[in-house]
Amino acid sequence: MDSLENRTMALAATLQAIAQVQYIARHGETDEQQLAAALNTILVTEPDSIDDIYPDKQVLANGFRWVLNQLGDSQQKDVEVTRYLVGLLSLERKLSRNNGALNVLSERINQVHRQLQHFTITDEQVISNFASIYSDVISNIGPKIQISGNPHVLQQPLVQHKIRALLLAAMRSAVLWRQLGGKRRQLVFTRKAIVDTATKFLTLH
0 MDSLENRTMA
10 LAATLQAIAQ
20 VQYIARHGET
30 DEQQLAAALN
40 TILVTEPDSI
50 DDIYPDKQVL
60 ANGFRWVLNQ
70 LGDSQQKDVE
80 VTRYLVGLLS
90 LERKLSRNNG
100 ALNVLSERIN
110 QVHRQLQHFT
120 ITDEQVISNF
130 ASIYSDVISN
140 IGPKIQISGN
150 PHVLQQPLVQ
160 HKIRALLLAA
170 MRSAVLWRQL
180 GGKRRQLVFT
190 RKAIVDTATK
200 FLTLH
């Protein structure tokens with residue numbers, strides 16, 4: 000698999016996690032399979048290949064559709080998803096330069112590994128732990144991402160925890176995207192190549 004395919008997969012996973020944030024902020028629920036897949040990516044800190052992070056490409060189908068929607072010729076681009084993505088990529092740049100935060104992040108993720116000996120990854124206690132990692136480590140390094148949605152839904156603690164946990168998952172894939180050579184200008188200048196790659200994934204899987 001070439002680097003463009005890998006980058007497109009990481010971008011699709013980033014957008015899929017962001018789209019889940021948007022959906023849960025509005026409706027208070029999310030697809031459990033997609034939630035589990037997103038959270039599992041956080042735990043793969045030393046992958047041998049990208050397949051270790053995204054073992055099931057079919058779970059990323061929505062993410063590839065978001066790539067087409069946001070980067071393709073569609074007039075239906077979602078401004079809110081774009082805002083979340085820009086905010087997240089900005090935070091990721093700050094995180095990548097902050098060794099102290101990266102070290103804390105690594106330690107905290109190891110704690111989740113231990114917790115998973117007793118709980119499933121979508122258990123409320125594990126989600127709460129992921130959420131606190133995002134709040135403690137990521138939120139403090141730059142401007143907070145302001146989440147829009149249904150005010151009644153956003154007041155629910157579990158919804159807040161899931162949103163932060165999913166933002167952490169989106170950050171994981173954004174980190175990978177940059178490590179694979181992803182740059183923000185590519186989202187403008189190599190849009191067609193990225194869209195063609197996402198289309199190919201959708202037709203294959």
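To convert, note that position 70 of the sequence shown is 69 in numbering that gives the first Met the number 0; the numbers rise steadily by one, no gaps.
Every residue gets a Cβ at the ideal spot worked out from N, C-alpha and C, and that includes glycine.
Requested in this report: Check each candidate in 106, 99, 119, 160 and name the one with the smallest Cα separation from residue 129.
Outcome: Counting from 1 along the sequence shown, the entry for residue 129 is found at position 130. Of 106, 99, 119, 160, the residue nearest in Cα terms is 160.
Requested in this report: Measure from the alpha carbon of residue 123 to the alpha carbon of each residue in 68, 156, 94, then state which is nearest.
Outcome: If you number the sequence shown from 1, residue 123 lands on position 124. Nearest C-alpha to residue 123: 156.
Query raised in the report: What does a CB cutoff of less than 6 Å around residue 197 pick up in its chain, not counting 5 residues either side in sequence?
Result: Walking along the sequence shown from the start, residue 197 turns up at place 198. Contacts found: 7, 63, 66, 67.
Query raised in the report: Where residue 181 and residue 132 are concerned, what is the direct C-alpha to C-alpha distance, given to the nearest angstrom?
Result: Reading the sequence shown from its first residue, position 182 is the one you call residue 181. Reading the sequence shown from its first residue, position 133 is the one you call residue 132. The alpha-carbon of residue 181 is positioned some 25 Å away from that of residue 132.
Query - Start-to-end residues for the alpha helix (DSSP H) that takes in residue 112 - result: Within the sequence shown, residue 112 is the residue found at index 113, counting from 1. In the DSSP assignment, residue 112 falls within the alpha helix (DSSP H) that extends over 98–114.
Query raised in the report: If we call anything under 8 Å between Cβ atoms a contact, is residue 40 one with residue 168?
Result: Here residue 40 is taken as the residue at index 41 of the sequence shown, counted from 1. Here residue 168 is taken as the residue at index 169 of the sequence shown, counted from 1. Yes. Within cutoff.
Requested in this report: Please report how far the alpha carbon of residue 34 lies from the alpha carbon of residue 140, in whole angstroms.
Outcome: Counting from one through the sequence shown, the residue named residue 34 turns up at place 35. Counting from one through the sequence shown, the residue named residue 140 turns up at place 141. Distance between the alpha carbons of residue 34 and residue 140: 25 Å.
Requested in this report: For my contact list, residue 24 and residue 162 are in at a C-beta cut-off of 8 Å; report their separation, rounded to the angstrom.
Outcome: Translated into positions along the sequence shown, residue 24 becomes position 25. Translated into positions along the sequence shown, residue 162 becomes position 163. Between residue 162 and residue 24 the Cβ distance is about 6 Å, and since that is below 8 Å, they are a contact.
Report task. Drop a sphere of 10 angstroms on the beta-carbon of residue 200, count the other beta-carbons inside from all chains shown, and report buried for 16 or more, exposed for fewer. Result -> Your numbering for residue 200 matches position 201 in the sequence shown. Looking at its Cβ environment, which holds 16 or more other Cβ atoms inside 10 Å, residue 200 is buried.
Query raised in the report: Which class does residue 121 belong to by DSSP, given the choice of helix, strand or coil?
Result: Counting from 1 along the sequence shown, the entry for residue 121 is found at position 122. The DSSP-derived three-state label of residue 121 is coil.
Query - Nearest-angstrom Cβ-Cβ length linking residue 86 and residue 142, presumed shorter than 8 Å - result: Taking the first residue of the sequence shown as 1, we reach residue 86 at position 87. Taking the first residue of the sequence shown as 1, we reach residue 142 at position 143. At roughly 7 Å, the Cβ-Cβ gap stays under 8 Å, so residue 86 and residue 142 are in contact.
Requested in this report: Within the same chain, show all residues whose beta-carbon is closer than 8 Å to that of residue 44, passing over the 5 residues directly before and after it, in chain order.
Outcome: As a first step, residue 44 must be located in the sequence shown, where it is residue number 45. For residue 44, same chain residues with a beta-carbon under 8 Å away, outside a window of 5 residues either side, are 105, 108 in chain order.
Query raised in the report: Mapping DSSP to helix, strand and coil, what is residue 68?
Result: Here residue 68 refers to the residue found at position 69 when the sequence shown is read from its first residue. In this structure, residue 68 counts as helix in the three-state DSSP scheme.
Query raised in the report: Is it right to say residue 171 is buried, meaning 16 or more other beta carbons lie within 10 angstroms of its own, or is it exposed?
Result: As a working mapping, residue 171 is identified with position 172 in the sequence shown. So residue 171 ends up on the buried side.
Requested in this report: Please determine, among 194, 175, 184, the residue with the shortest C-alpha to C-alpha distance to residue 47.
Outcome: Within the sequence shown, residue 47 is the residue found at index 48, counting from 1. It is 175.
Report task. Report the residue from 178, 188, 11 whose alpha carbon sits nearest the alpha carbon of residue 95. Result -> Here residue 95 refers to the residue found at position 96 when the sequence shown is read from its first residue. Comparing Cα-Cα distances from residue 95 to each of 178, 188, 11, the minimum goes to 178.
Requested in this report: Return the chain-ordered ranges of every alpha helix (DSSP H) run that is complete within the segment 32–92 and spans a minimum of 4 residues.
Outcome: Positions of the alpha helix (DSSP H) runs, each at least 4 residues long and wholly inside the segment 32–92, are given as 49–52, 60–70 in order along the chain.
Requested in this report: Give the single residue among 4, 148, 202, 18 whose Cα lies nearest to the Cα of residue 81.
Outcome: Locating residue 81 in the sequence shown gives position 82, where the first residue counts as 1. Looking only at 4, 148, 202, 18, the smallest Cα-Cα distance to residue 81 is reached by 18.
Report task. Could you name each continuous beta strand (DSSP E) segment of 3 residues or more that falls completely within the segment 175–204, going from the start of the chain to the end? Result -> With a minimum length of 3 residues, no continuous beta strand (DSSP E) run stays inside the segment 175–204.
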